[in-house]
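> Quick note on numbering: the sequence shown equals residues 9 to 367 in the working numbering.
Let me give you the structure first, and then I'll get to my questions.
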Amino acid sequence: MAKLQHTIDIIQSLDERAMAAARARQDNLTKPQGSLGRLEELSIKVAGIKGVDIPRIQHKAVITMAGDHGVAAEGVSAYPAEVTPQMVYNFLRGGAAINVLARHVGARVVVVDMGIAVDLEPHPELIVRKIGYGTKNMAKGPAMTRQEAIRAIETGIEIVEGEVARGLDIVATGDMGIGNTTPSSAIVAAITGESVANVTGRGTGLDDAQLKEKIATIERALTLNRPDPTDGLDVLAKLGGFEIGGLAGVILGAAANRVPVVIDGFISGAAALIATVLCPRVADYLIAAHNSVEIGHRAMLRRMRLVPLFDLNLRLGEGTGAALGISMVEAGVKVLAEMATFAEAGVSEASDKVDSALS
């Protein structure tokens with residue numbers, strides 16, 4: 009708990025001076041002010057996060073965390089739990105969608121076993137930080153102990169600190185875990201107060217009857233566990249997953265080190281909700297990549313006051329949307345750093361022409 013509390017304590021507000029300097033430069037680049045829209049906003053936000061007038065993004069990573077969920081025994085997923093380790097092996101071979109998109113944007117994929125239900129074969133690219141062999145069934149009791157929740161978050165902090173030591177400039181969050189839309193729906197319902205039906209989707213492709221049972225399962229879990237929405241650790245322990253806790257730690261650890269965090273979809277959103285309940289300041293460090301097809305994702309984004317960068321009907325997870333989000337953030341930062349000002353380009357500003365005409 010000491011590491012978690014220390015991390016929360018050192019998260020600072022954004023650097024207003026750096027943001028003002030970045031905004032002033034944007035206003036003097038060879039374009040009408042504001043004409044690059046959210047690309048300009050992204051560059052100013054990253055300046056504030058990093059505390060640098062003209063930030064650079066070179067070292068990029070997607071941290072994809074995996075874990076299994078006891079609630080999968082309730083039939084809440086169209087896929088069996090065996091798919092979790094199979095997909096992790098696919099990540100390690102470089103054959104998954106996240107590998108393709110990470111290569112596309114020049115990011116490393118960091119794969120972490122936070123709680124897969126089986127032991128995987130050793131691999132040089134696999135980080136094993138297993139909190140347990142899957143969570144317990146939240147429909148029958150807490151998913152994990154409070155101490156396990158703390159360990160999961162602190163493990164995520166340690167993982168991202170390792171990347172920071174390697175020169176990390178921006179991080180994206182990703183996930184893998186069969187059944188993990190169920191705890192994510194439970195988390196958003198618990199924290200936002202939305203009805204379970206309004207925040208629960210079909211996940212990997214449930215039919216109407218299966219969706220109805222999924223909603224009922226989450227409602228039972230909430231009634232049984234009674235999570236405290238003001239206590240992020242309580243919500244995580246009673247409803248969450250080890251990978252969700254780990255990603256919450258990644259978010260907190262990145263913010264403590266002034267690293268921007270591009271969050272992916274629904275599961276990453278659940279981790280971000282936990283992180284922002286634990287430390288509201290962390291929301292300033294978040295960039296929402298996309299609008300997930302999962303209906304509960306919008307409630308998450310509203311709660312955190314985040315506007316996604318795009319909507320491509322994505323629902324895969326793994327960090328795929330966040331990888332694409334990195335590309336947009338990098339584009340905004342490059343415009344700020346590499347585009348010429350009016351003075352540098354020898355181009356007259358519109359305001360100068362107006363002043364001359366009036367004089």
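Backbone N, C-alpha and C define an ideal beta-carbon position, used for all residues, glycine too.
CB-CB under 8 Å to residue 144, same chain, minus the five flanking residues each way: which ones, in chain order?
Once the five neighbours on either side are set aside, the close Cβ partners of residue 144 are 78, 150, 151, 152.
> With H, G and I counted as helix, E and B as strand and the rest as coil, what does DSSP make of residue 296?
DSSP places residue 296 in strand when its eight states are reduced to three.
> Thinking C-alpha only, which one of 284, 311, 272 is nearest residue 328?
Of the listed residues, the one whose Cα sits closest to residue 328 is 272.
> Threshold first: 4 residues or longer. Then list the alpha helix (DSSP H) segments lying entirely within the stretch 171-200, N to C.
189-200, all fully within the stretch 171-200.
> How many angstroms separate the CA atom of residue 247 from the CA atom of residue 35?
Those two C-alpha atoms are separated by around 46 Å.
> Determine the closest residue to residue 93 out of 255, 76, 148, with distance taken between C-alpha atoms.
Residue 76 is the option with its Cα nearest to residue 93.
> If you draw a straight line from the alpha carbon of residue 29 to that of residue 300, how long is it in whole angstroms?
Rounded to the nearest angstrom, the two C-alpha atoms are 34 Å apart.
> State the Cα-Cα distance for the pair residue 157 and residue 120, rounded to the nearest angstrom.
Between residue 157 and residue 120, the C-alpha separation is close to 16 Å.
> Apart from the five residues on each side of it in sequence, which residues of its chain come closer than 6 Å, Cβ to Cβ, to residue 67?
So the qualifying residues of the chain are 175, 176, 177.
> What's the gap between the Cα of residue 284 and the Cα of residue 102?
About 32 Å.
> Start and end of the alpha helix (DSSP H) containing residue 3?
This structure cannot settle anything about residue 3, because the visible part of the chain is limited to 9 through 367.
> Over the uninterrupted beta strand (DSSP E) stretch that includes residue 69, give me the two end residues.
Residues 68-75.
> Quickly, what does DSSP pair residue 349 with across the bridge? List them, please.
Looking at the DSSP assignment, residue 349 forms a beta bridge with 37.
> Pairing CB atoms from the stretch 181-200 with CB atoms from the stretch 40-59, are three or more of them under 8 Å?
Touching, no.
> Quick one, which of 337, 344, 287, 304 has its alpha-carbon nearest residue 13's?
Per the Cα distances, 287.
> Indicate the three-state DSSP secondary structure (helix, strand or coil) for residue 115 in the structure shown.
Three-state DSSP puts residue 115 in a strand.
> Where residue 314 and residue 294 are concerned, what is the direct C-alpha to C-alpha distance, given to the nearest angstrom?
Cα to Cα, the separation comes out at about 8 Å.
> What does DSSP give as the partner residue(s) for residue 318 in the beta ladder?
For residue 318, which the question treats as bridged, DSSP gives the partners 298.
> Under a Cβ-count criterion, where at least 16 other Cβ atoms within 10 Å of its own Cβ denotes burial, should residue 85 be classed as buried or exposed?
It counts as buried.
> Residue range of the beta strand (DSSP E) that residue 134 falls in?
Where residue 134 is concerned, the enclosing beta strand (DSSP E) stretches over 134-136.
> When you compare each of 72, 33, 244, 306 to residue 179 by their alpha carbons, which one comes out closest?
Closest option to residue 179, Cα to Cα, is 72.
> From the DSSP output, in three-state form, read off residue 365 for me.
With a pLDDT of 40 at residue 365, under the threshold of 50, the modelled position of this residue cannot be trusted; read the value that follows with caution. Helix, per DSSP.
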